[in-house]
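Novice:
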Amino acid sequence: MSVTRHAPKVSSPVYFVVMGGFLGAGKTTAILRLAHRYAAAGLRGGIIANDLGQGLVDTEAYRAHGLPVEEMAGVCFACRFDELIAAAGRLQDGHHPDVLLAEPAGSCTDLVSRVIEPLRTIYTDRFAVAPYVTLLDPDRAYQALTGTGRAGFSAKVTYLYKMQQNEADIVAINKVDTLSQPRRTELRALVERNFPKAQVIEISARTGEGFDRLIGLLEAGGPVGGNLAAVDYDLYAGAEARLGWLNATWRVTAAGGFDADRLLLELAAAIQKDLAAVGAEPAHVKMALHSGENLALANVVSSDRPPELSRASARPMTEAKLIVNARVEGDPAELRRQVVAAVGRTAAEYHAEATCLSIQDLAPTLGSRSCPTNTVSGGGVH
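Taking the working numbering, the leading residue of the sequence shown gets 3, the next gets one more, and so forth.
The structure is reproduced here in structure tokens:
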């Protein structure tokens, strides 16, 4: 099964793929792999990145791969559909993509009724909409669906997690390269039992395993938006209110230079340890060190898994921009204190100076029964 055979042979309407899933599921890595597969088939791609804060690590990652990207920051697809259409329009006008790949915010649900259906029914002349895909992190999925494990979310956040899969046409269990075959079989049966309306597949965005299958399902013309889920907005609001967001940027300088990969991993470990000490469960902590074309990326996706370096730097750095996007179940003000302290300690260990350029911590809340808003506890530089 080749990509060329299954890639959409269209320029108008543009093929529109929405890839959702909870924080830490691996959406960015999966979208990058899809974009490169389509590019290898001679198709132009565009990315729409979305988050509830500004200054996104994902945007840096996409641009580092030479992909045109529009960033929707501070809002979500479901509550500002008009901005999603405007972002798509800018990509169409500036880059003429054949395929648009959209990554919604990791805490967003109700995407079928508020995104997939309007795209499919109102904009038929502009977009051909693919089946809606959500990704699962295998460890997080097992914890959420069985209530076991050392790390986990509250019942309210678990409700939000499950709702994302309830409305998917395709549920892709990601990171299967990290699982034994018995564990894969067990987890797939568990997911199929809990989400019987979805097509369940196994993939690895890191290695490419299962992507022929995924692309085949996207191009097969199967049901789109068929799993309209009834969202309990009181529970949704309660789940959002338990999450803390932080987006911050520092300038890191060291006259003698520093190893960006080691610094990032040590910073990630320090943040993970400090959050565990106050009982805050990481959903996803992404961080980047960026100096010109030199970029290093690291991630924390749980309190019980070691941090990972997802992109290694090409060489040591003497000055770089540090971006931290942290999403946890916990108080956003406490999250801010922990991250700021960890950055200061880690920079000092490398004889570097970290100057904060911007920082924002917020709690996503449902200001109405249909639109999340952001409650910001501080946006200044500290």
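Cβ coordinates follow ideal geometry from the N, Cα and C atoms, glycine included.
Just reading off the beta strand (DSSP E) that I284 is part of, what are its end residues?
Specialist: Per the sequence shown, the amino acid found at residue 284 is Pro instead of Ile. Taken as a continuous stretch (DSSP letters only), the beta strand (DSSP E) holding P284 covers E283 to S293.
Novice: Cutting at 7 Å between CB atoms, please list the residues of its own chain near G258, excluding the five before and the five after it.
Specialist: H353
Novice: I need the DSSP call for I33, collapsed to helix, strand or coil.
Specialist: helix
Novice: Grouping DSSP H, G and I as helix and E and B as strand, with all else coil, what is G26?
Specialist: coil
Novice: Buried or exposed for P198, going by 16 or more other Cβ atoms inside 10 Å?
Specialist: exposed
Novice: Answer yes or no: does any C-beta atom of chain D fall closer than 9 Å to that of L181?
Specialist: Of the chains in the structure shown, none is chain D; there is only one protein chain.
Novice: In this structure, how does DSSP classify N196 when only helix, strand and coil are distinguished?
Specialist: helix
Novice: Alpha carbon to alpha carbon, how far is G22 from S370? Give it in angstroms, no decimals.
Specialist: Reliability of the predicted coordinates at S370 is poor, the pLDDT of 33 falling under 50, and the value obtained from them is presented with this limitation in mind. Whole-angstrom Cα-Cα distance: 22 Å.
Novice: In the DSSP assignment, the alpha helix (DSSP H) including A2 goes from what residue to what residue?
Specialist: Here the chain covers residues 3 to 384 and nothing more, so residue 2 does not appear.
Novice: Could you tell me which uninterrupted beta strand (DSSP E) segments, each at least 3 residues in length, are contained entirely in the stretch 110 to 140, listed from first to last along the chain?
Specialist: Runs of the beta strand (DSSP E) lying entirely within the stretch 110 to 140, each at least 3 residues long, are 129 to 131 and 135 to 138 in chain order.
Novice: Just to confirm the assignment, what range does the alpha helix (DSSP H) spanning E351 have?
Specialist: P334 to E351
Novice: How big is the Cα-Cα spacing for G47 and L265?
Specialist: 33 Å
Novice: State the Cα-Cα distance for the pair V19 and D100, rounded to the nearest angstrom.
Specialist: 11 Å
Novice: Roughly how many whole angstroms lie between the Cα atoms of G227 and T255?
Specialist: Taking the straight line from one Cα to the other gives about 48 Å.
Novice: Can you grab the Cα-Cα spacing for the pair L324 / L269, in whole Å?
Specialist: 11 Å
Novice: Please classify G47: does DSSP put it in a helix, a strand, or coil?
Specialist: When DSSP states are grouped into helix, strand and coil, G47 belongs to the strand group.
Novice: What does the Cβ neighbour count give for A350, buried or exposed, with the cut at 16 atoms within 10 Å?
Specialist: exposed
Novice: Buried or exposed: which applies to L230, given that a residue is buried once 16 or more other Cβ atoms fall within 10 Å of its Cβ?
Specialist: Around the CB of L230, fewer than 16 other CB atoms lie within 10 Å, so the residue is classed as exposed.
Novice: Can you name, in chain order, every residue of its own chain whose Cβ lies under 7 Å from the Cβ of L216, other than the five neighbours on each side?
Specialist: Here the set comprises A174, I203 and I205.
Novice: Can you tell me the Cα-Cα spacing of G76 and Q166, whole angstroms?
Specialist: 20 Å
Novice: Locate the beta strand (DSSP E) running through K323, then write down its first and last residues.
Specialist: M319 to E331
Novice: Classify I183: buried if its beta carbon has 16 or more other beta carbons within 10 angstroms, exposed otherwise.
Specialist: Looking at the sequence provided, one finds Gln at residue 183 rather than Ile. When all chains shown are included, Q183 counts as exposed.
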